[in-house]
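See below for the structure under consideration.
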Amino acid sequence: MVQTVSKLSEDEKRRRMIIATMRRNGYAPDALIETLHTVQSAFGYLDDTALRFVAHELHIPLSKVFGVATFYHAFTLKPEGRHRCILCQGTACYVKGSQVILQAVTRAYHITPGGTTEDGELSLLTARCLGSCSLAPAAIMDENVVGNLTPEHALAALEGLTTS
948 MVQTVSKLSE DEKRRRMIIA TMRRNGYAPD ALIETLHTVQ SAFGYLDDTA LRFVAHELHI
1008 PLSKVFGVAT FYHAFTLKPE GRHRCILCQG TACYVKGSQV ILQAVTRAYH ITPGGTTEDG
1068 ELSLLTARCL GSCSLAPAAI MDENVVGNLT PEHALAALEG LTTS
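Okay, so the sequence shown: first residue is 948 according to the numbering used here, each after it adds one.
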């Protein structure tokens, strides 16, 4: 019996999206990053099962898939909060006070880097460099790069995210 799309489970719909991405790219290994973005978009994070599935389907060693998934700050291997803040800790940002911003955020939200608030609203991450050195100190809040941050500006921006 053939299921209609409306009767498919959410997981099956997501799986089909991932397969469609790989198929559109001819199951080429160089479609790895696009495929991982599709998985992340569909499930919210990259779990072990998804990484193994992608490695198998694209005929890539799992170690390479894991390496790409852990190298790029856009990917996460565990469920995250509804909102995401990635604070840059690169040289330019560090020199301009990113540590003070990090301390302010950790105190205000009772969260450590790599963690998520108890209410599941905010995940806090750090990155070695966001590539926005001219905006130092910088962060990515959800999908938006925010620069020339101060602790007050960072907290106000996060408050705007978490109350929306």
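Using N, Cα and C, we set each Cβ at its ideal position, and we do this for glycine too.
Fair warning: this is a prediction, and the values are worked out from it, not measured in the lab.
Minimum C-alpha distance to residue i - residue among the options
i	options	result
valine 1047	His1100, His1003, Leu998	His1100
histidine 1006	Ala1104, Thr1053, Gly973	Gly973
proline 1026	Ser988, Glu959, Cys1035, Glu1106	Ser988
tyrosine 1019	Gly1078, Lys1043, Glu1106	Gly1078
alanine 1051	Leu1105, Tyr992, Ile965	Leu1105
glycine 991	Gly1014, Gly1067, Arg970	Gly1067
serine 1045	Arg1054, Thr996, Leu1034, Thr1053	Leu1034
8 Å CB neighbourhood of residue i in its chain, flanking five on each side removed
i	result
glutamate 981	Thr968, Asn972
leucine 979	Val1001, Leu1005, Ile1007, Lys1011, Val1012, Val1015
Beta-bridge pairing of residue i - partner residues as DSSP gives them
i	result
methionine 1088	Cys1032, Asn1091
serine 1079	The partner list for serine 1079 (beta bridge, DSSP) is empty, contrary to what the question assumes.
leucine 1069	His1030
Same chain only: Cβ atoms within 6 Å of residue i, ignoring 5 sequence neighbours per side
i	result
valine 1012	Leu998, Val1001, Ala1002
cysteine 1080	Ala1039
glycine 1037	Arg1075, Cys1076
Minimum Cβ-Cβ distance from residue i to chain C less than 8 Å
i	result
arginine 971	Note that chain C does not occur in the displayed structure, where there is just one protein chain.
Contact belief for residue i with residue j at Cβ below 8 Å, rounded distance in angstroms
i	j	result
threonine 1073	proline 1060	5 Å
Same chain only: Cβ atoms within 7 Å of residue i, ignoring 5 sequence neighbours per side
i	result
asparagine 1095	Leu1082
**OP:** Give, in chain order, every unbroken run of the alpha helix (DSSP H) that is at least 4 residues long and sits entirely within the stretch 981-1043.
**Re:** 995-1005, 1009-1018, 1038-1042
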